[in-house]
C-alpha cells in the first residue's frame, strides 16, 4: 500500500545522481551558513566579552546627565566614592565587583612638550576585578608598588608616540595639568612608569593614573565620576541594570556596555546584516538549484504525468506530488546540512579560532556556537524555500493537458 | 443500450498559424459489451477520436453521451472523475508508473479514489491471476518484458471495473506471439466480464477478432461491420499469417 507522499519519496530516490547533486548543493549551502553564523556568534561573544571585561565593564553608573556631557568630562556631575555607596551597588544580585573611576581631560608636560590628553583615574586592584582583561594590556606594576600608591602615569603607545616619538625614557618625569573641580588650574608631578596597549578603537591619547592622584589633583577627595560594575553572566546584564536603576533612583543613570560602546553594538548589527544578506543570496542560489531539478523532473516525466491524469489523478494532486518531492529534498538537505554545520561548529568551538582585531595587536580566541533555534529555523527555511521555489515547476506539471502529456509533451 | 453516443463531433486545433481540422463531424454509437476496432492511417484522426471518447480531450463541437450522460462540456476535474470511474486505458507504450511495483500499478487508479484497501487487494489479486501476473507482483515495471507490462496495464484498466476500455495500438510495441496472447486475453476478458473494448490499431490480427470495425479517414467516419472484419481477416490471411 502506498500514498502520494510515498510516491514522492520514491521519485526523489529514483534519479539518484540528480537528487545527489541537488542535495549536495543544499548541504554545502546550509552547512556553510551554519558555520558562518557560528563563527560570527563566537566572534560577537568575544567582542562583547572584550568590551565588558576589558574596557567598559558590564554596567556603568554615573550621575544623571553625565553621558550627555561626557566630552567635556564634567567633574561637577560626581558621586561619592565610599563604602556606603559601594554597598548599595554590591547588594544587587549578580553584581560581582565594582570599581570607581574619574575621567577628566587635561594636559601633560614632558620636557619641553605639552599636549592634551584624556585621563582615566582608576583603583588598579579593584579595576582588574571588574575588567580583568585590562591587566594584560597594562600590567599591574605601573600605578602601585607593594600596596603603595605611586605618583605615576601609564600612557598609551599613541600618547608616547606623540611625546617625541619613543624617545621618552622610562620613568621620565612629567606634569599633569587640569582644571580642578572648582575650575582652578591644578598640577601634579608624576613619573611615566609604563606604556599600555589599548585594544579597542576610540580615543588614543590616554593616560592612566591612580584614582588617589586624581582626587588630589582635582580636589575631589572621596568622590568619583563613575562606577564600573561586573556582572556574573552577560545574560544577566539587563536585569542587573534594571535593579540598579531602582536602587539608585533618578539622581543616577545606569548604562550597559551597549549604551556606552555603541560603535561595538553597531558593528555587530552590521555584521549580522551582512551575514543575513550573504545567507539570503546563498539560499536563493541553492533553491534555484532545487527549482531547476524540479523543472527537469517535470520535463522528464511528462508522459508519466499524462498517465496519472488519464487514470483520474486531479491537477491538485499532481501539484501536491511535485511540491512534496521538493519539500523532501529541501528537508533532507536542510537536516543533513544543519547536522554537518553543527559538527563543524562544535569542532571549531572545541579548537577555538585565534583572531586579532584590526587596530589592535592583542589576539584572542573565539569559540563558535549556534543556538538550537537558529538550526531549526535554517532547516525550516530550506524546506519551506524548496517548497516555494517548486511552486512554478509543480504548477506547470499540473497544468499540462493530458493528451499532450501522454504524447510526451 | 448504447454506451457511447457521438453526434457531429468536430475537433480542430491550432498548429502554428494554421487551423488543423482533425475530426469533421463524426457520428458513432457503441453498444455495451462490444469489441470494436477503429482503424485508419496515421493522421486520419483516430487518436483524436479515442482521446475524445476517453475524456482526455474535448470536442470543439458536437455531442458526446457516455452511458446516457452528456459529458462533452465537463471541466477538467469532472472529466478526471469520469475517466477514473468509467474508463480504462491501455496504451501503446504501456505507461506504467516506474516507482510503483506491479500490484501498486494495478491498484493506483483505485487508491487515488480512496477505495478500501482490503477489498481492493482482493480484487487486484483476482485480476492479476486472470492476466497471469501472479509471479511478478512485487516487480517494478523495468524488470518486466513488454508483454508483461501490457498485462499490468490491462489489469490496471480493469481493476476500476470500468464500462469502457480504450486501447490505443496496444500491440504495436509487442512481438507477434506476445501480441496474439494479449489479444486473446482481451477477447477473453470481453467475453467473461462483458467490458466494452474500443481499439485503434493497424494490426490485422486484431481486426480479425473484432466483431466490428469502423474506419476513419481524413476526419470522417466510414462505418463498416462484419464485412469489414471479414475483409480484414482476408487481408490478414493474404499477408501469410
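Protein chains in written order, with my numbering: chain A, 22 to 430; chain B, -2 to 238.
Beta carbons are placed, not taken as given, at the ideal position from N, Cα and C, and that holds for glycine.
Computed from a predicted model, the values in this text were never measured in an experiment.
Item to check | Where the beta strand (DSSP E) containing residue 9 of chain B begins and where it ends | outcome: -1 to 12
Checklist entry - Going straight from the alpha carbon of residue 282 of chain A to that of residue 399 of chain A, what length do you get? => result 31 Å
Item to check | Under the three-state DSSP convention, the category residue 126 of chain B falls into | outcome: helix
Checklist entry - Contact between the stretch 193 to 207 of chain B and the stretch 410 to 422 of chain A: three or more CB pairs below 8 Å? => result no
Item to check | Pairwise C-alpha distance: residue 197 of chain B and residue 105 of chain B | outcome: 24 Å
Checklist entry - Can you list, in chain order, the stretches of the alpha helix (DSSP H) that have 4 or more residues and sit fully within the stretch 140 to 227 of chain B? => result 143 to 156, 173 to 190 and 201 to 206
Next on the checklist: Using 8 Å as the threshold, is the C-beta distance between residue 205 of chain A and residue 125 of chain A below it?
Outcome noted: no
Checklist entry - At a cut of 8 Å, does the stretch 32 to 52 of chain B reach the stretch 399 to 411 of chain A through at least three beta carbon pairs? => result no
Next on the checklist: Given a cut-off of 8 Å on the beta-carbon distance, is the pair residue 25 of chain B and residue 8 of chain B in contact?
Outcome noted: no
Item to check | Span of the beta strand (DSSP E), counted from its first residue to its last, around residue 143 of chain A | outcome: 134 to 143
Checklist entry - Ends of the beta strand (DSSP E) at residue 81 of chain A? => result 80 to 84
Checklist entry - What residues from chain A crowd round residue 81 of chain B, counting only those whose CB sits closer than 7 Å? => result 332 and 333
Checklist entry - Using the rule of at least 16 other Cβ atoms within 10 Å of the residue's Cβ for burial, across every protein chain shown, is residue 270 of chain A buried or exposed? => result exposed
Item to check | Listed by chain order, chain A residues near residue 54 of chain B by CB distance under 7 Å | outcome: 424
Next on the checklist: For residue 222 of chain B and residue 213 of chain B, what's the separation of their Cα atoms in angstroms?
Outcome noted: Unreliable placement is indicated for residue 222 of chain B, whose pLDDT of 49 sits below 50; no coordinate value is reported for it.
Item to check | Rounded Cβ spacing between residue 186 of chain B and residue 146 of chain B (contact assumed at less than 8 Å) | outcome: With a Cβ gap of about 17 Å, residue 186 of chain B and residue 146 of chain B do not count as contacting.
Item to check | residue 342 of chain A, enclosing alpha helix (DSSP H) - first and last residue | outcome: 336 to 372
Item to check | Closest by C-alpha distance to residue 77 of chain B, when choosing among B:-2, B:108 and B:52 | outcome: B:52
Checklist entry - Going by the CB atoms, is the gap between residue 208 of chain B and residue 32 of chain B shorter than 8 Å? => result yes
Item to check | Contacts that residue 96 of chain B makes with chain A (C-beta to C-beta distance below 7 Å) | outcome: 28, 31, 32 and 35
Checklist entry - When the Cα atoms are used, what is the spatial distance from residue 429 of chain A to residue 23 of chain A? => result 26 Å
Checklist entry - So residue 44 of chain B is in the beta strand (DSSP E); what residue range does that whole segment cover? => result First-last for residue 44 of chain B: 43 to 50, but that is the alpha helix (DSSP H), not the beta strand (DSSP E).
Item to check | Close Cβ partners of residue 258 of chain A (< 6 Å) along its chain, the five nearest in sequence each way excluded | outcome: 79, 252 and 277
Next on the checklist: Give me, in chain order, the residues of the same chain whose beta-carbon lies closer than 7 Å to that of residue 148 of chain A; leave out the 5 immediate sequence neighbours on both sides.
Outcome noted: 120 and 155
Checklist entry - Given a limit of 8 Å on CB to CB distance, which residues of the stretch 50 to 77 of chain B reach chain A? => result 51, 53, 54, 73, 74 and 77
Checklist entry - Does DSSP put residue 32 of chain A in a helix, a strand or coil? => result helix
Item to check | Touch test, the stretch 206 to 220 of chain A against the stretch 231 to 242 of chain A, Cβ-Cβ under 8 Å, three pairs minimum | outcome: yes
Next on the checklist: I need the straight-line Cα distance from residue 330 of chain A to residue 423 of chain A, nearest angstrom please.
Outcome noted: 6 Å
Checklist entry - Which word fits residue 81 of chain A, buried or exposed, when buried means at least 16 other C-beta atoms lie within 10 angstroms of its C-beta? => result buried
Next on the checklist: Counting beta carbon pairs with one atom in the stretch 53 to 64 of chain B and one in the stretch 132 to 146 of chain B, are three or more of them shorter than 8 Å?
Outcome noted: no
Next on the checklist: Could you check whether the Cβ of residue 338 of chain A sits closer than 8 Å to any Cβ belonging to chain B?
Outcome noted: yes
Item to check | Bridge partners - residue 425 of chain A, DSSP secondary structure assignment | outcome: Answer is none; residue 425 of chain A lacks a bridge partner.
Item to check | CB contact check: residue 415 of chain A to chain B, cutoff 8 Å | outcome: no
Next on the checklist: For a cutoff of 8 Å on Cβ pairs, would you count residue 324 of chain A as touching chain B?
Outcome noted: yes
Next on the checklist: If the cut-off is 8 Å on Cβ atoms, which residues from the stretch 340 to 351 of chain A count as contacting chain B, listed in chain order?
Outcome noted: none
Next on the checklist: Which residues in chain B have a C-beta closer than 9 Å to the C-beta of residue 320 of chain A? List them in chain order.
Outcome noted: Here the premise fails: no neighbours, minimum Cβ distance about 15 Å.
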